Structures are given as C-alpha cells and as structure tokens.
C-alpha cells in the first residue's frame with residue numbers, strides 16, 4: 245500500500261538499492277523513504293547487513309599423504325559503505341565464497357585453495373594448528389571478498405575429518421602407545437617391589453645375625469659368670485670341672501626336650517653320659533691345636 249503512494253519502509257540492519265529507470269541511484273538506509281515510482285524510481289532489491297554464516301566442507305591432502313575433509317565456518321557480512329558493490333558485483337555470495345575456498349580461481353590471489361596451508365602440514369600438525377589454518381583462510385578470503393563489498397568477520401576450522409580407516413589406525417597407535425607406557429610403569433613398579441623386598445630380607449638377615457651374636461655373647465657371659473661363681477663357692481674345683489658339669493647338664497636338658505616331643509625325627513646312635521667327657525676333651529684338644537698352629 246505504501247509503494248502505491250510512493251513510500252517505502254526499509255527495516256533495521258537492511259539497506260535498499262534504489263534505481264531510476266534501471267540505473268543505480270543510491271542506497272536507502274533503514275527508515276521511511278519517498279519513492280516516486282511515476283518518475284521511474286524503484287527498488288532493485290534489499291541487502292542484509294547482518295552477519296551470516298556459511299559452512300564449507302573441503303577435501304584436501306596433508307603433507308604425509310592423508311586425505312582429510314576440513315569443515316570451515318565462515319562468518320561474513322556486507323559493508324554498508326560498499327552496498328553497491330555487494331549488490332551488483334556478485335549474483336550469489338555463498339557460491340562465490342565456496343569457489344574461493346575450493347578452487348581459488350581468482351587469478352589475482354593465485355590460490356589453488358584457500359586451505360593451501362594444510363598440504364604443508366602433517367596430519368597431527370594440522371590438528372594442532374587449526375587456528376593458524378583458520379587465520380590463513382580468513383586473510384585470503386578477506387583480500388578477495390573486500391573487492392565485492394563483503395567483510396569476513398571470522399573463519400573457524402570446526403573439524404578436520406580424516407578417513408575412517410585413518411581414524412581407526414590413529415586410535416590403535418594411541419592405544420598401543422598407552423599400553424607401552426602402562427607396561428613400563430608396571431615393570432618399574434615390580435622392580436621397586438623386588439628392590440624393597442630384597443632390602444627387607446637383607447635387613448631381616450642382618451638383624452637376625454645381630455640377634456644370634458648377642459645370644460651367643462650372652463651365653464658366653466653366662467658361662468663365665470657361672471664358672472667364676474662356682475669356683476669361688478666350691479673350693480678346690482677347677483674351670484675344667486665346671487665346664488664338664490655344664491656339658492652334662494646341657495646333655496640331660498637336650499635329652500628331656502627330645503623325649504617331650506611327639507614328632508621328633510632325630511636319629512640316635514649308641515651314646516651315654518660318660519661320652520660327654522670325651523666330647524669335652526675333643527673340644528679342648530681342638531682349641532689347643534688351633535692355638536699351637538697360630
């Protein structure tokens with residue numbers, strides 16, 4: 245109804261292209277405008293100034309000959325000051341941007357692809373440097389699309405998708421690497437356990453040896469004290485007599501302990517208390533011979 249009376253409303257974040265008899269006149273900003281259609285004035289179309297997004301999937305190859313699909317999200321908008329170029333120079337903005345991303349046919353940029361940095365990287369490096377790749381794509385698109393009145397707001401590399409078999413191989417490599425680390429850690433833990441066990445056994449044997457040494461020292465000290473006390477209390481006895489009596493006492497203690505056990509596996513040979521004297525004589529003779537040899 246408004247156009248019938250020569251009035252036109254332009255919405256916010258939108259501009260209208262006014263023509264007079266088919267020739268560009270000027271850009272109409274948001275608001276109400278007078279459009280005298282009887283004098284050949286008309287609106288050729290509207291142009292949105294809002295940020296728009298285009299998702300592009302591009303297949304390329306990395307330096308290590310792995311084909312990947314790079315998913316890029318390109319956010320762009322028309323520049324208000326260059327609305328004329330944005331409206332007249334491009335018939336399909338999205339197709340043109342896709343053409344630059346895929347082929348880069350513009351001879352001025354000399355690109356075989358806006359993703360030309362990906363073939364220079366190996367697969368792992370491509371994943372690590374997604375931000376650098378996105379920045380490279382954004383810079384090249386900005387150079388190309390600024391001539392047509394469009395601004396590249398931001399370019400994001402959303403995903404890098406290798407082939408399914410490559411994904412499986414990467415997962416297997418990762419799993420094998422983690423298993424190798426786990427095996428090394430397990431072996432190191434077992435090594436530590438063995439070392440600690442050996443240290444514990446060594447300490448235990450050392451303490452057992454110290455205990456045996458102290459026990460024998462206590463026995464010797466006790467025998468010495470017994471011999472001295474017996475010699476003082478019984479006049480006329482010698483140390484030899486005392487030792488013979490101690491050996492006889494130990495002999496009967498041993499016999500009593502063996503007889504008290506119901507599961508004894510000891511083997512007896514003909515022996516009697518009188519043989520204790522011979523044993524004592526043999527011990528003394530051995531000690532004397534050792535002293536003479538020294």
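Residue numbers (my numbering): 245 to 538.
All C-beta atoms in this analysis are idealised placements derived from N, C-alpha and C, irrespective of residue type, glycine included.
Small disclaimer: the values here were computed from a predicted structure and weren't measured.
Strand pairing of residue i, partner residues [DSSP]
i: residue 297; result: 319
i: residue 406; result: 312
i: residue 399; result: 318
i: residue 291; result: 259
i: residue 277; result: 252
i: residue 303; result: 313
i: residue 286; result: 263
i: residue 272; result: 260
i: residue 394; result: 322
Cβ-based burial, residue i [other Cβ within 10 Å; buried from 16]
i: residue 378; result: buried
i: residue 394; result: buried
i: residue 496; result: exposed
i: residue 331; result: buried
i: residue 396; result: buried
i: residue 313; result: exposed
i: residue 471; result: buried
i: residue 452; result: exposed
i: residue 259; result: buried
Own chain residues within Cβ distance below 7 Å of residue i, not counting five before or after
i: residue 352; result: Because the pLDDT at residue 352 is just 30, under 50, the model does not fix this residue reliably, and the point stays unresolved.
i: residue 437; result: none
i: residue 250; result: 278, 279, 280 and 281
i: residue 386; result: 396
Cut-off 6 Å between Cβ atoms - residues of its own chain near residue i, not counting five sequence neighbours on either side
i: residue 245; result: Because residue 245 sits at a pLDDT of 45, beneath the cut-off of 50, its placement in the model cannot be relied upon, and the following sentence gives the value as read from the coordinates. If we look at residue 245 and ignore the five residues flanking it on each side, it has no Cβ neighbours.
i: residue 285; result: 264 and 279
i: residue 398; result: 319
i: residue 298; result: 318, 338 and 341
Beta-carbon contacts of residue i that lie in its chain and below 8 Å, excluding the five residues immediately before and after
i: residue 374; result: 401 and 404
i: residue 303; result: 311, 312, 313 and 314
i: residue 482; result: 475
Cβ-Cβ separation, residue j to residue i (assumed contact under 8 Å), whole Å
i: residue 342; j: residue 300; result: 6 Å
i: residue 544; j: residue 310; result: Residue numbering for the chain in the displayed model covers 245 to 538; residue 544 lies beyond these limits and cannot be assessed.
i: residue 253; j: residue 276; result: 6 Å
i: residue 321; j: residue 294; result: 6 Å
i: residue 492; j: residue 474; result: In fact, because the Cβ distance is near 13 Å, the residues do not count as touching under 8 Å.
Heavy atom of the ligand COA within 6 Å of residue i beta-carbon
i: residue 429; result: Questions concerning the ligand COA fall outside what the structure shown contains, since it holds no ligand whatsoever.
Query raised in the report: Is the region 306 to 323 touching the region 273 to 290, taking contact as three or more C-beta pairs under 8 Å?
Result: no
Report task. Count the C-beta pairs between the region 401 to 410 and the region 333 to 340 that are closer than 8 Å, then say yes if the count reaches three, no if not. Result -> no
Requested in this report: Flag this pair as touching only if the region 260 to 280 and the region 322 to 331 have three or more C-beta atom pairs under 8 Å; answer yes or no.
Outcome: yes
Query raised in the report: Per the contact definition of three or more C-beta pairs closer than 8 Å, is the region 432 to 446 in contact with the region 372 to 386?
Result: no
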